[in-house]
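**Q**
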Amino acid sequence: MPSVASLALRVLLTFGCLGAALPGQNVLGPSQGISVDVSKIADQIKDELKKAEIIPTVIDDFEPSLLLFANWSTTQHAALGNTIKPKKLQDAPTIALHDPSASSSSLLCRSGMTYTITLTDPDAPSRDDPKWSEMCHWIATGVSASPAGEGAACSTATLALAELDEIMPYKAPGPPEKTGKHRYVFLAFAPQNGTTEKLHLSKPSDRQHWGYEPDDGETSGVRDWAKENGLVPVAANFIYSKHKKQ
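Sequence positions in the sequence shown follow mature numbering (1 follows the signal peptide of the UniProt record, and there is no 0) and run -23 to -1, 1 to 223.
1) Any contact of the segment 55 to 66 with the segment 100 to 118, i.e. 3+ C-beta pairs under 8 Å?
2) How would you label E25, buried or exposed, when you count the other beta carbons within 10 angstroms and need 16 or more for buried?
3) Grouping DSSP H, G and I as helix and E and B as strand, with all else coil, what is P33?
4) For the candidate residues A69, H159 and P146, whose alpha-carbon lies nearest to that of E111?
5) Give every residue of the same chain whose Cβ lies closer than 8 Å to the Cβ of Y217, excluding the five residues on either side of it in the sequence, and list them in chain order.
6) From the DSSP secondary-structure annotation, give me the bridge partner or partners of D183.
7) Take K222 and list the residues in its own chain whose beta-carbon comes closer than 8 Å to its own, dropping the five residues that flank it on each side.
8) Mind checking if A19 is an interface residue toward chain D, Cβ cutoff 7 Å exclusive?
9) Beta-carbon within less than 6 Å of D201's beta-carbon, same chain only, minus the 5 sequence neighbours each way: which residues are those?
10) Out of K219, N206, F215 and H220, which has the shortest C-alpha to C-alpha gap to Y92?
11) So which of S42, I31 and D38 has the shortest CA-CA distance to A19?
12) Could you check where the alpha helix (DSSP H) with residue 225 kicks off and where it finishes?
13) Taking the beta strand (DSSP E) that G119 falls in, what are its first and last residues?
14) For my contact list, A29 and N214 are in at a C-beta cut-off of 8 Å; report their separation, rounded to the angstrom.
15) Can you name the residues that DSSP bridges to D98?
16) Within 10 angstroms of the Cβ of K27, are there 16 or more other Cβ atoms? Answer buried if so, exposed if not.
17) Taking only three categories from DSSP, how would you classify E140?
18) Please say whether L208 and T95 have beta carbons closer to each other than 7 Å?
19) Going by CA-CA distance only, name the one from L176, W109 and L141 that's closest to P152.
20) At the level of alpha carbons, what is the spacing between G198 and Y147?
21) Checking 7 Å against the spacing of the C-beta atoms, do I32 and P210 come in under that value?
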């Protein structure tokens, strides 16, 4: 059974929050609701990623420093492993990144920092037979806004779709019949060297295997692409989706 903290984190990622914090806590999201002990958030996210075998299948172990919100509508949100029907995923989601530490030294306070959002399917065509894995569904970048002034609060960056530059256009999840649930994994990356210069990222030559030639049946995907482009993961989220015919 999920812990209370884990359930609270899922609620947060679904609805966001911006309420009053209790002692030892920080408020965490873009809208009103709840507060969560920030010291436990990274561990909770990693636990969910490991339970779903996203770590280490899709990405190496890392310390999430930001929260990633992905919203398709007011009722459809990524929440660390919830299930959404494919028909609800046809349009690209809006993305928000949030720093739960609310620190003035936050990554999100670095004006001009480019963040890269990716969506990948490691279960193509199925989790039992991932011969096409990974499938690239989306690559987009957004630039953090300038802080309002010295010392100004700037711990939230909302990267709306209209503000994102698509490198690989959004391809709606479309799991085939009788292939079970697919994991659709969002990852947010920052440049490893911390540059605020414009990034020149490569576009995969194909969606399948992210354009790489897999070695001896090994899967290829977002991890390879990120390393090639000098990016490191800073946030993650995921959903499940499946075809109605199973």
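For each residue, glycine too, the CB sits at the ideal point set by N, CA and C.
All figures in this text were calculated on a predicted structure; none of them were measured in a lab.
**A** Looking at the atomic coordinates:
1) no
2) buried
3) helix
4) H159
5) G58, N59, T60, I61, K158, H159, R160 and Y161
6) According to DSSP, D183 bridges with nothing at all.
7) E154 and K155
8) Considering every chain present, this structure includes no chain D. It has just one protein chain.
9) Y189
10) N206
11) S42
12) There is simply no residue 225 to check, as the chain begins at -23 and stops at 223 in what is shown.
13) M112 to V120
14) Not really, about 11 Å apart at Cβ, beyond 8 Å.
15) M112
16) exposed
17) helix
18) no
19) W109
20) 16 Å
21) no
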